[in-house]
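Chains as they are written, first to last, in my numbering: chain G, 1 to 789; chain X, 1 to 288. We put the CB at the ideal spot given by N, CA and C, even for glycine. Before any comments, here is the structure.
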């Protein structure tokens, strides 16, 4: 038998091997887990945005049927070391120590205060109603805009004011450029606080075994190793006594990389009770206890020349992050991305940017899909359209003119980040061809004559991926920047691939499978992938920040290549050949030239494991290998692309109908085009949610007014347009695989594309919207059609 | 979230139901499709002691067409209404409104009577019933009584139902050919409760409107009958001025409030736009 073709799965649109299991209802999520003596925790939460806890009377609850324990903040504090959400390498940022349950003072509506643990969830909920907490309301600070005013209530009196962090970038010369610029455009952009709303809410089962002082935690998490470190450190356990398992995870979107007080309280309850404790956040409490994101107010000015050159950008960003900076990743990365990337995809000349994060009495705040990028993109692309209009250029031409010159990569922004290599011109050309830009403009003009108002919006984007230790490790935070993979050849010639990647529905499992099979030369149906268990996988960061395929996937690639090399060395020795003359194809070791079969991998494994008598005494085959990979060249490897939206505005009702959406994305090497395209589509939908629907609405007192899926509007299928995807492929030179992130780019660009399309449609009316979400009310208001209030 | 503990009983007859209502009084709730009630229980917004499940009462289910009337039993599922040929033939307004009632999964369980008795002012069916001048059949141990739809809705989630009574269904006059109908609605997402919806019925002869009835959902504490707007249209040809006058008259008919996303003023604006669209649909193929 001859094997001539290489086994090649990288680049193949294969369906995900684990999809059928999930579709068949055989997934195993945290809440599916049943353990003997499992107890259930529910949280009593603060009903006030800011209030002193005068007293807690829990006797009635303690004596209620089925109740096993009631924990207050002080009870948990006996077990859990406080945490402070600062990154040490970010100068000047500050936050106060935080504990899982509030002591003395609650600082947001929804902050957990008391944990009630009972034999069943229903009993725990019944008992929770018997806990009496006496509150003394305190004046809240809710609006970021006034949080720094003198006289505003100060959440952490020791700081003197509510400023968490400020970053300023200034090249100098900004005022001078603006003073002599031909055109200056400016706008104030507002993006709204979002909740991540994954299908599966947060959840944890903590099982402390007092006999061996060992804690096992099943958690809906993206980051098992980070949680292992956190749990060991804060509960004073040896790291080797903590095992974290991420079972099936029903969506993460960055929500499940943070530490949450209610989950920590459930762990504390297990330590106290010596039995497993389950806490599942229900949908209503998720809205007030999940970390939020995206609530910015940005003022931006852009100076432009007659010819259409962007001369300078001046921007000021303000956002409220809740009462503490989130732990352990801090809540300032969003603002950092905004200030670092404003004006970013364009040739930068003169820039001044400021971002301020302020404390307020609203829920905790943190990383969420495409951290900060959708804000940076919206303010930049919104201003670019204004600038193009000011100089009378077509928006596409204006972008092309201002893109970073293709021969100037790697290109370092004045704010710090370096772009390894972007494909902006190519992406723009491809997009305009895909959407028939010229034809669409013609159609738009014709329909305008009939009173139909359609708009075309473009949004170029960049997206950070494959982060180095610059994000967390250098800030003193124990979050791995590397990922690792252990591959063993099984006894029948298959591969068992254990990776520190995590799967939360996005397809990391499939990526690991395809990369390992390809790089080792093994049929994919002989590959098993093991993820999400600190006892079973090598050390690594897990999945966040578009790093899965780029970093974890590269580790799989390296491990599989190393295993292949070991196999070839072994077989070369056995067959008195040279490794360079052999190859592994379709699970067989063959002659590289001609493809004649030398040994099946099953025979290789059998010889190595069972027939060691056939192995030369001075040779030990190594058929289990581990390789690690970290990206060390740049703070992150940037991807790029461009999106376009085509939509219709009903100028009588303010309703927006999305007609079509296009994306051209460059994520380098594509392992599975099907997965990448669906990742991008899902991300675009999330961006559409930001543009049209999603917004946490608060009363002035800090009460969430729309904390349910009836009132908090997530994007749904019926309103979504067809989303067409195209690609440019610029592999990163920082790895052999060449893959960059693909999970966030869709979210980064979609809100800007939709904003620009709406404003393009409204152009004949001289109307403009810049406050997301673009609701009918806001569009009508811009049109002067909303009635007087 | 888990509902607080409650007792559950599924009576086999209306007589048994009346017994249970008498015994448990205010502590009892009637369960039909459960699409609003169960959510309220799980959120502990409502904590009844007793749930009386009506789903065993076949006599409350189904659509019956007589010579002059069409009757819809309270337990008839939304999905049955949506797919019913009788409804499409004799109650085209309800047929047109059904796709706007939530999502198919909810329509599979939700019932006509549940929607009427719950009396959400943003719901579609109460407005349709007012526009069609329906009567509701209410049963109790004392016997049957009938209430005109427009008398039935008394306030926000408040109806004419008294303790011990069960809503048995609705009765509608079979539509005659001269009537035309329109159902229009604006919701942020398909299946959401309406920001504003309008159910309209009118006769049109030689371009002249008569017997006009217009009912709005989402524009006040109850479904709202727009009598001033109807009066502005009745007996007139549908000219631009007449439409504008009817739209202006809505200020007297409707009492919208601010909601999370829209001000009352914007909702009034949207109601006017929607009335214009309803009239355009009613008078399509007729010269205006």
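For residue 414 (chain G) and residue 626 (chain G), the rounded distance between their alpha carbons: 39 Å
Distance, residue 246 (chain X) Cα to residue 131 (chain X) Cα: 16 Å
Which of helix, strand or coil DSSP assigns to residue 93 (chain G): coil
Close Cβ partners of residue 444 (chain G) (< 7 Å) along its chain, the five nearest in sequence each way excluded: 454 and 456
Test item: CB-CB of residue 730 (chain G) and residue 666 (chain G) under 7 Å: yes
In DSSP terms, what residue 179 (chain X) is bridged to: X:203
Alpha helix (DSSP H) segments (min. 4 residues) lying fully within the segment 543-578 of chain G: 553-574
Residue 8 (chain G) burial status per 10 Å Cβ neighbour count (16 or more: buried): exposed
Chain-ordered chain X contacts of residue 785 (chain G) [CB-CB under 8 Å]: 269
Touching by the beta-carbon criterion (3+ pairs, under 8 Å), the segment 299-314 of chain G and the segment 733-751 of chain G: no
For residue 69 (chain G) and residue 114 (chain X), the rounded distance between their alpha carbons: 41 Å
Pick from G:698, G:739 and G:740 that is closest to residue 141 (chain G), judged by C-alpha positions: G:698
Segment contact, 8 Å Cβ cut-off, at least three pairs: the segment 243-256 of chain G with the segment 517-536 of chain G: yes
Listed by chain order, chain G residues near residue 262 (chain X) by CB distance under 8 Å: 775, 776 and 777
Through-space distance from residue 41 (chain X) to residue 241 (chain X), alpha-carbon basis: 50 Å
Residue 398 (chain G) - containing alpha helix (DSSP H), residue span: 395-402
First through last residue of the alpha helix (DSSP H) which encompasses residue 760 (chain G): 745-762
Neighbouring residues, chain G, relative to residue 104 (chain X) (Cβ below 7 Å): The premise fails here: residue 104 (chain X) is roughly 11 Å from chain G at the closest Cβ pair, so nothing lies under 7 Å.
Per-residue contacts from residue 266 (chain X) into chain G (C-beta, under 7 Å): 777, 780, 786 and 787
Neighbourhood of residue 813 (chain G) by C-beta, 7 Å cutoff - its chain only, sequence neighbours within 5 removed: What the structure shows of chain G is the stretch from 1 to 789, and residue 813 (chain G) is not part of that stretch, so it cannot be assessed.
Alpha-carbon spacing of residue 788 (chain G) relative to residue 710 (chain G), whole angstroms: The predicted model places residue 788 (chain G) with a pLDDT of 47, which falls under 50 and marks its position as unreliable; any figure quoted below should be read in that light. Their Cα atoms are separated by approximately 27 Å.
Any C-beta of chain G under 7 Å from that of residue 2 (chain X): yes
Opening and closing residue of the alpha helix (DSSP H) in which residue 607 (chain G) lies: 601-609
C-beta contact flag for residue 587 (chain G) and residue 522 (chain G) at 7 Å: yes
Ranges of the beta strand (DSSP E) found wholly within the segment 659-685 of chain G, counting only runs of at least 3: none
Contact list for the segment 178-189 of chain X against chain G, Cβ threshold 9 Å: 186, 188 and 189
Pairwise C-alpha distance: residue 676 (chain G) and residue 128 (chain X): 47 Å
For residue 205 (chain X), the nearest candidate out of X:226, X:182 and X:178 (CA to CA): X:178
is_contact[residue 290 (chain X), chain G] using C-beta, thresh 7 Å: Since the first residue shown for chain X is 1 and the last is 288, residue 290 (chain X) is missing from the structure and cannot be characterised.
Residue environment, residue 117 (chain G), which counts as buried when at least 16 other CB atoms sit within 10 Å: buried
8 Å contact criterion, which residue 264 (chain X) and residue 249 (chain X) should meet: CB distance rounded: Their Cβ separation, rounded to whole angstroms, is 17 Å, which puts residue 264 (chain X) and residue 249 (chain X) out of contact at 8 Å.
Touching by the beta-carbon criterion (3+ pairs, under 8 Å), the segment 763-783 of chain G and the segment 394-410 of chain G: no
Segment contact, 8 Å Cβ cut-off, at least three pairs: the segment 194-205 of chain G with the segment 392-402 of chain G: no
CB contact below 7 Å: residue 142 (chain G) versus chain X: no
Buried or exposed by the 16-neighbour rule on C-beta atoms within 10 Å, applied to residue 63 (chain G): exposed
Nearest-angstrom Cα separation, counted from residue 183 (chain X) out to residue 781 (chain G): 26 Å
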